[in-house]
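Numbering (this note's numbering), first residue to last: 1 to 104.
Just so you know, even glycine gets a beta-carbon here, dropped at the ideal spot from N, CA and C.
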C-alpha cells in the first residue's frame, strides 16, 4: 500500500523559468504584473474587494502551502517546463490502514 496520498495540480500557463525555481519558495517573491499588485493594494470605495483573493499574486501561496503540508507530515514539490506549464505535487502522509477511513 502507498504510504502517501498525492494530489497533483497541473496547468499549461507557460511554466516557471529555471532562474526563478529556487525563489518560488520565498515569501513575497512573485512574477505577477506590478499593475495587478498595485490595484490590489490601492483602496477605492468604488471597488468591491470581496471579489478577488486578497493574497493572489503577492508571493504567499506556495510558501504557505508547503508549510502546511510539512506541518501535517507531507511536502509540496514543483516540476515546471518553461514555455509549457507547471505540475505541483502535494504529498500527505496516509493516516490509518483502511482505504477510506469514513464511518459506514
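Top-ranked residue by Cα proximity to residue i, from the options
{"i": "residue 9", "options": "95, 79, 83", "result": "79"}
{"i": "residue 22", "options": "34, 4, 57, 63", "result": "63"}
Cross-strand partners of residue i (DSSP beta bridge)
{"i": "residue 21", "result": "None; residue 21 has no bridge partner."}
{"i": "residue 78", "result": "88"}
{"i": "residue 10", "result": "87"}
{"i": "residue 93", "result": "4"}
Spatial distance of residue i from residue j (CA atoms)
{"i": "residue 90", "j": "residue 29", "result": "20 Å"}
{"i": "residue 26", "j": "residue 2", "result": "31 Å"}
{"i": "residue 49", "j": "residue 32", "result": "In this prediction, residue 49 has a pLDDT of 48, which is less than 50 and means its spatial position is unreliable; what the coordinates show is noted afterwards. Between residue 49 and residue 32, the C-alpha separation is close to 18 Å."}
{"i": "residue 6", "j": "residue 72", "result": "13 Å"}
{"i": "residue 66", "j": "residue 20", "result": "17 Å"}
{"i": "residue 24", "j": "residue 94", "result": "27 Å"}
{"i": "residue 17", "j": "residue 88", "result": "15 Å"}
{"i": "residue 68", "j": "residue 61", "result": "11 Å"}
{"i": "residue 4", "j": "residue 92", "result": "5 Å"}
Own chain partners of residue i with C-beta closer than 6 Å, once the 5 adjacent residues on each side are dropped
{"i": "residue 81", "result": "15"}
{"i": "residue 76", "result": "65, 66, 69, 90"}
Contacting residues, own chain, Cβ-Cβ under 8 Å from residue i (five flanking each side not counted)
{"i": "residue 12", "result": "84, 85"}
{"i": "residue 34", "result": "none"}
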